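Asks:
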Amino acid sequence: MLDRDMTDRDLLARLARRDEAAMGMVFDRYAASVTRYAWALAATPSDAEEIVQDTFVTVWQKAAVIELPDASLLPWLLVTARNHALNARRRHFRNSADELPAELAAVDSPEEARDRLAWVRDEIDRLQPLDRRVCELCLIEGWSYADAAEHLGVSVGAVRQRVARARARLRKAVTENEK
1 MLDRDMTDRD LLARLARRDE AAMGMVFDRY AASVTRYAWA LAATPSDAEE IVQDTFVTVW
61 QKAAVIELPD ASLLPWLLVT ARNHALNARR RHFRNSADEL PAELAAVDSP EEARDRLAWV
121 RDEIDRLQPL DRRVCELCLI EGWSYADAAE HLGVSVGAVR QRVARARARL RKAVTENEK
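Heads up: the sequence shown begins at 1 in the UniProt record's numbering, then just goes up one per residue.
(1) Could you check how far apart the C-beta atoms of Val34 and Leu68 are, in whole angstroms? I think they sit under 8 angstroms.
(2) In three-state terms, what does DSSP make of Ala17?
(3) Relative to the alpha-carbon of Ala43, which residue among Leu86, Glu20 and Leu74 has its alpha-carbon at the smallest distance?
(4) CB Arg160 to CB Tyr145, shorter than 8 angstroms?
(5) Ala173 and Glu141: beta carbons closer than 8 angstroms?
(6) What residues in its chain sit with their C-beta under 8 angstroms from that of Tyr30, if we drop five residues either side in the sequence?
(7) Between Arg165 and the rest of its own chain, which residues show a CB-CB distance below 8 angstroms, the 5 nearest in sequence each way excluded?
(8) In three-state DSSP terms, what is Val163?
(9) Quick one: residues in its chain with C-beta nearer than 8 angstroms to the C-beta of Leu137, no 5 flanking neighbours on either side, listed in chain order?
(10) Can you say whether Arg4 is buried or exposed, counting buried as having 16 or more other CB atoms within 10 angstroms of its CB?
(11) Roughly how many angstroms lie between the CA atoms of Ala21 and Asp70, to the nearest whole one?
(12) What's the C-alpha gap between residue 232 and Met25?
(13) Assuming Leu139 contacts Val163 under a Cβ cut-off of 8 angstroms, what Cβ separation, rounded to an integer in Å, is found between them?
(14) Just mark Arg91 as buried or exposed, buried being the case when its beta carbon has 16 or more other beta carbons within 10 Å.
(15) Which stretch, first to last residue, makes up the alpha helix (DSSP H) that contains Ser155?
(16) Which same chain residues, not among the five before or five after Thr7, have their C-beta less than 8 angstroms away from its C-beta?
(17) Closest by CA to Arg89, which one among Ala118, Lys62, Pro45 and Met23?
(18) When burial is assigned at 16 or more other CB atoms within 10 Å of the CB, is Asp125 buried or exposed?
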């Protein structure tokens, strides 16, 4: 049983030795504060829960290298929660860029969807042959970057770069189509 009056430095030292009771005490001591902060930062309730979970997993994983500038672990936890919130926000932004607008998602048939998105196919057809094939495999057929790289005989980094370049081109085409 741990002493409830242990300092955060003592708890951190015990965390570094993988003391689960110390982790429970850190959680009991700071979960409410980290949760309130996460709720202020998060886009969704599930993001807030994920931020809190990720924050405490991070303190568990990095306990051996954490250096406290003062006696409290709370500032470190809040900065870590903020970083996880920023990562969640970036994930939402990336994922929302990949979603179809509601008017396109609610089409009646595949043919109607194909007609409405014909300009996308036209943009893909204008790409260099290797870029076009990467887009077809990864963006249209849903292949992983690793599978596409192996199939095409290029590196995963090359596939990632070509997909990013194609997406940027498609975004530019969308903004030009909206004008």
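No residue lacks a Cβ here, since even glycine has one placed at the ideal position from N, Cα and C. Bear in mind that the values here come from a model prediction, so they are computed numbers and not experimental data.
Replies: Once the coordinates are examined:
(1) Translated into the one-based positions of the sequence shown, residue 34 becomes position 34. Translated into the one-based positions of the sequence shown, residue 68 becomes position 68. About 16 angstroms separates the CB atoms of Val34 and Leu68; that is not less than 8 angstroms, and the two are not in contact.
(2) Working through the sequence shown from its first residue, we reach residue 17 at position 17. The question names Ala, yet the displayed sequence has Arg at residue 17. Of the three classes helix, strand and coil, the one that applies to Arg17 here is coil, per DSSP.
(3) In the sequence shown, counting from the first residue as 1, residue 43 sits at position 43. Of Leu86, Glu20 and Leu74, the residue nearest in Cα terms is Leu86.
(4) For the purposes of this step, residue 160 is taken as residue 160 along the sequence shown, with counting starting at 1. For the purposes of this step, residue 145 is taken as residue 145 along the sequence shown, with counting starting at 1. Their beta carbons are under 8 angstroms apart, which means Arg160 touches Tyr145 by this criterion.
(5) In the sequence shown, counting from the first residue as 1, residue 173 sits at position 173. In the sequence shown, counting from the first residue as 1, residue 141 sits at position 141. No, the Cβ-Cβ distance between Ala173 and Glu141 is not below 8 angstroms.
(6) Stepping through the sequence shown from its first residue, residue 30 is reached at position 30. The beta carbon of Tyr30 lies closer than 8 angstroms to those of Leu73, Leu74 and Leu77 in the same chain, with the five residues before and after it left out.
(7) Your numbering for residue 165 matches position 165 in the sequence shown. Closer than 8 angstroms at Cβ, skipping near neighbours: Asp131.
(8) On the sequence shown, residue 163 is found 163 positions in, with the first residue counted as 1. Three-state result, Val163: helix.
(9) Counting from 1 along the sequence shown, the entry for residue 137 is found at position 137. These residues qualify, in order along the chain: Trp143, Asp147, Ala148, His151 and Leu152.
(10) If you number the sequence shown from 1, residue 4 lands on position 4. Classification of Arg4: exposed, given that the 10 Å Cβ count is below 16.
(11) Within the sequence shown, residue 21 is the residue found at index 21, counting from 1. Within the sequence shown, residue 70 is the residue found at index 70, counting from 1. Looking at the backbone, the Cα of Ala21 and that of Asp70 are separated by about 23 angstroms.
(12) Outside the displayed range of the chain (1 to 179) lies residue 232, so it cannot be described from this structure.
(13) Here the question's residue 139 lines up with position 139 in the sequence shown. Here the question's residue 163 lines up with position 163 in the sequence shown. That belief holds up - the Cβ atoms of Leu139 and Val163 are roughly 7 angstroms apart, short of 8 angstroms.
(14) Taking the first residue of the sequence shown as 1, we reach residue 91 at position 91. The residue is exposed, with fewer than 16 neighbouring Cβ atoms inside 10 Å.
(15) Start at 1 with the first residue of the sequence shown, and residue 155 comes out as number 155. Annotation: Ser155 is outside any alpha helix (DSSP H) and is labelled neither H nor E by DSSP.
(16) Translated into the one-based positions of the sequence shown, residue 7 becomes position 7. Cβ within range, chain order: Ala71.
(17) Taking the first residue of the sequence shown as position 1, residue 89 is located at position 89. Of the listed residues, the one whose Cα sits closest to Arg89 is Pro45.
(18) By 1-based counting over the sequence shown, the position of residue 125 is 125. Asp125 comes out exposed.
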